[in-house]
Amino acid sequence: MSVAIGIDLGTSNSSVAVYRKGKVETIPIDGRKTMPSVISCKSDGQLLVGNSAKARLYIDPNNSIASSKRFIGSKDKVYNVQNTNVTPVDVARNILEKIRVEASKYIGEEVKDAVITIPAYFTDEQREATRKAGQLAGLNVLRLLSEPTAAAIAYGLDKERNQTIMVYDLGGGTFDVSILRVENNHFRVVAVDGDSMLGGDDFDDAIAEYLMSKMKVSGKVRKSSVGSTSVQQLKEAVEELKKELSESDYADIIIPDIFGSHLDEEIDIQTFNSLTEPLLKRTIDKMQEVLKEAGLTKNDISRVILVGGSTRMRAVQEMVAKQIKQPFIADNIDEIVAQGAAIMAANLSAPDLDSTPVPIEVEEVTSHSIGIGMVDMQTDVFRVYHLIKKNTKLPCTGGEIGYTIHPFQREIRFQVFRTESTVPSDESKIGELRLKVKRPQASPSCAVALFELDQSGILTFSSAEVKRESQIVRSFEDEGEMNIPLIESMIRSGELKTEKVVIDTNK
């Protein structure tokens, strides 16, 4: 049986683990339990990844990239490093490749199979981009597993009593909150929410902005080559300040030479909390929302697990205790997600149930609602019809019947939206599929639209023209519901010829 690894591909740091000989081991990279998710390119073309890259981040920020996970899946984000365009997928590929090589050395054989963790609130584009990065790094991605679920697996494995767990995951660049029911190593996600643009980086930025405003640093200076180096230097110092304030009420930040001046400032915990309170409030709102979506109150929560390095902040722990209950924070908080992924990887790579090292079941849910835009024939208003609703168990399918609205219409255009609203917008549109009408006619032609979300939350959209007298249309018009098993059967048999697209913003 080949060895499979679990990878926590983090915004600030990444880690990797393996389950073997009845236990989980965190695999060291360059002698450390975690590796900075940073790459840097030297003038001679040498690419650095991890600790060496982070060291260069402060002396050559323009040719170094950090926190790129926040932008993975975005077709607009492109970095320029040593006059070469680099995408967030490229960065993730380099990080994952380094992890694969180091894991292979540690285990003593070439590693190919992996479970990679992602924020629960990642969109299907972000999921597909992560999978693509893994494949480019030479990995066979067995599954994309949400970070809160991975943490719950690592924490809750073999715990005897049934539990309802809330996982509060505040990492370097993303925030997730999930509620799971755990029963005899069966992990069922009930509801998820989050913010893919909220993390420890934002807390650092809030303090850095405060200090730069006190130093009267102009925007022009910040953008200069010297200024950008000073900004990185300041952020590094703020990271240390944040750690000190997790244990003390006061901390000094002293930098002798920065922005052409010097910095000597004392920050107390009250100032820190005041500056970061709006960010913390955003996580509170998400906690309340996920409880509402799960149909639960805080009294229904057995335990709150804190995940992500940013949960070391005292303000976070105190807030969670006040809002829900006293949280649990693992000693190995930086490793727990990778360890849960490693347990999942061991299950998926086992050839049969008897050889499964740790028999577990995992049920995850969709993080967003997905639908298609169509004209409401009664109101003549273009609106979103949700085919798959948020927090639906994965894998799942959803379907709809569409009709042409003009005589002799030659094409049916299905626009795909990711939104909780019925009102479409350019921001919520994530793709489209155009279906040619084989025989345009005066009367309406029909087409079936089918969404399929796999276990990793990646969306495949299929569409096929169907006859008005077909069993699919009759069933839909008589009962008002899609007969999805019938559609899938007709696709498999070749009776329905579909056009298909995987929604991916990296194309």
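For the sequence shown, the UniProt record's numbering gives the first residue as 1, with consecutive numbering after it.
Where is the CB? At the ideal position from N, CA and C, for every residue including glycine.
The model shown is predicted, which means the values in this text are computed figures rather than measured ones.
Around the Cβ of residue i, are there at least 16 other Cβ atoms within 10 angstroms (buried) or fewer (exposed)?
| i | result |
| --- | --- |
| isoleucine 59 | exposed |
| methionine 35 | buried |
| asparagine 83 | exposed |
| valine 238 | buried |
| methionine 482 | buried |
| methionine 377 | exposed |
| phenylalanine 476 | buried |
| lysine 438 | exposed |
| threonine 419 | buried |
| glutamine 326 | exposed |
| arginine 434 | exposed |
| glycine 457 | buried |
| threonine 297 | exposed |
| glycine 431 | buried |
| histidine 197 | Residue 197 is actually methionine in this sequence, not histidine. It counts as exposed. |
| lysine 379 | Per the sequence presented here, residue 379 reads as threonine, with lysine not at that position. When all chains shown are included, threonine 379 counts as exposed. |
| alanine 154 | buried |
| asparagine 140 | exposed |
| lysine 507 | For lysine 507, the predicted model reports a pLDDT of 34, less than 50, meaning its position is unreliable; a value from the coordinates is still stated below. The residue is exposed, with fewer than 16 neighbouring Cβ atoms inside 10 Å. |
By Cβ distance below 7 Å, which residues in the same chain neighbour residue i in space, the five residues on each side in sequence not counted?
| i | result |
| --- | --- |
| glycine 199 | Thr11, Leu170, Gly171, Gly172, Gly173, Thr174, Phe175 and Ser310 |
| lysine 497 | Ala464 |
| tyrosine 385 | Gly371, Ile372, Met374 and Glu400 |
| aspartate 268 | Asp249 and Tyr250 |
| valine 448 | Gly399, Ile401, Ser463, Ala464, Val466, Ile472 and Ile487 |
| glutamate 247 | none |
| alanine 342 | Ile5, Gly6, Ala17, Val18, Tyr19 and Val24 |
Note down the Cα distance separating residue i from residue j, rounded to an integer number of angstroms.
| i | j | result |
| --- | --- | --- |
| isoleucine 405 | isoleucine 412 | 9 Å |
| glycine 156 | lysine 21 | 19 Å |
| glutamine 323 | glycine 138 | 44 Å |
| aspartate 30 | asparagine 51 | 8 Å |
| cysteine 446 | valine 375 | 14 Å |
| glycine 6 | phenylalanine 71 | 22 Å |
| methionine 166 | proline 440 | 53 Å |
| isoleucine 472 | isoleucine 360 | 38 Å |
| glutamine 233 | glutamate 209 | 13 Å |
| valine 189 | aspartate 300 | 15 Å |
| phenylalanine 414 | serine 428 | 14 Å |
| aspartate 205 | proline 278 | 13 Å |
| threonine 130 | phenylalanine 328 | 29 Å |
| lysine 390 | glutamine 46 | 44 Å |
| histidine 186 | leucine 9 | 24 Å |
| alanine 330 | arginine 492 | 47 Å |
| proline 407 | proline 424 | 25 Å |
| valine 18 | arginine 383 | 47 Å |
| isoleucine 484 | glycine 73 | 29 Å |
| lysine 23 | leucine 241 | 36 Å |
| aspartate 44 | glutamine 455 | 43 Å |
| leucine 306 | glycine 340 | 14 Å |
| lysine 132 | tyrosine 403 | 35 Å |
| lysine 281 | serine 421 | 23 Å |
| phenylalanine 461 | glutamate 499 | 8 Å |
| arginine 32 | alanine 151 | 20 Å |
| glutamate 363 | valine 89 | 27 Å |
Would the beta-carbon of residue i be found less than 8 Å away from any heavy atom of the ligand ATP?
| i | result |
| --- | --- |
| alanine 321 | Ligands in the displayed structure: none, and consequently the ligand ATP is not present. |
Under a three-way DSSP split, which group does residue i fall into?
| i | result |
| --- | --- |
| alanine 55 | helix |
| asparagine 162 | coil |
| phenylalanine 122 | coil |
| isoleucine 405 | coil |
| phenylalanine 414 | strand |
| isoleucine 27 | coil |
| arginine 20 | strand |
| leucine 245 | coil |
| glutamate 236 | helix |
| alanine 4 | strand |
| phenylalanine 461 | strand |
| leucine 486 | helix |
| serine 14 | strand |
| proline 256 | strand |
| methionine 313 | coil |
| leucine 136 | helix |
Only counting the same chain, and skipping five residues up and downstream in sequence, which positions put a Cβ closer than 8 Å to that of residue i?
| i | result |
| --- | --- |
| asparagine 13 | Thr34, Met35, Pro36, Ser37, Gly172, Gly309 and Asp334 |
| aspartate 201 | Thr11, Ser12, Ser67, Arg70, Gly172 and Gly173 |
| isoleucine 284 | Met319 and Gln323 |
Who are the near neighbours of residue i in its chain, counting only those whose CB is closer than 6 Å to its CB and skipping five residues on each side?
| i | result |
| --- | --- |
| isoleucine 39 | Val49, Ala53, Ile65, Val91 and Asn94 |
| aspartate 264 | Ile254 |
| valine 16 | Ile5, Ile7, Ile27, Ile99, Ala103 and Ala338 |
| leucine 245 | Ala251, Ile269 and Phe272 |
Can we say the segment 211-221 touches the segment 242-259, given the rule of at least three CB pairs closer than 8 Å?
-> yes
Does the segment 184-200 come within contact of the segment 286-293, defined as at least 3 CB pairs closer than 8 Å?
-> yes
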